[in-house]
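Residue numbers (mature numbering (1 follows the signal peptide of the UniProt record, and there is no 0)): -17 to -1, 1 to 146.
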């Protein structure tokens, strides 16, 4: 019975491991160096997905100086620049920035709304209380954001940071 359980566990582990998504580094890719070895600036970059290459043109547009790099490894494959091509392409990484969408976070909207309301109320009362003295200023003290709002916002941030 134990042998059957071990066999079943090993079989299920291999099945789930085979179906697990493979992590890829799709955010970084080789790109043309900004200059060649002679200091000529990059004029044009073209990517050929079929040939899996990156072609970098240096110097004047009518000049026929170009370097070809492998699009996966960044290694130099062809040098048509009089041995002036860099041996490796540079790596360009794009950052994934999570944008805040106000419509998706009700707690933050509630805090902002409450804070804006208190700020408007305080501003209005301060403007009206310049000539009234300490009595109007005592009534004008803004209320703090309710605890349930701030605690819920903290909980929401903690929950979001873990997933």
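Note that beta-carbon positions come from the ideal geometry of N, C-alpha and C, so glycine has one too.
Note that the structure is a prediction, hence the values are computed from the model and not measured.
Asked	Found
List the DSSP bridge partners of residue 61.	51
Where do the ends of the beta strand (DSSP E) carrying residue 28 lie?	25 to 31
Return yes when the Cβ of residue 67 is within less than 8 Å of the Cβ of residue 19, no when it is not.	yes
Kindly indicate which residue of 64, 11, 100 has the alpha-carbon position closest to the one of residue 49.	64
Using only the alpha-carbon positions, how far apart do residue 39 and residue 74 sit?	14 Å
Which residue or residues does DSSP assign as beta-bridge partners of residue 37?	30, 52
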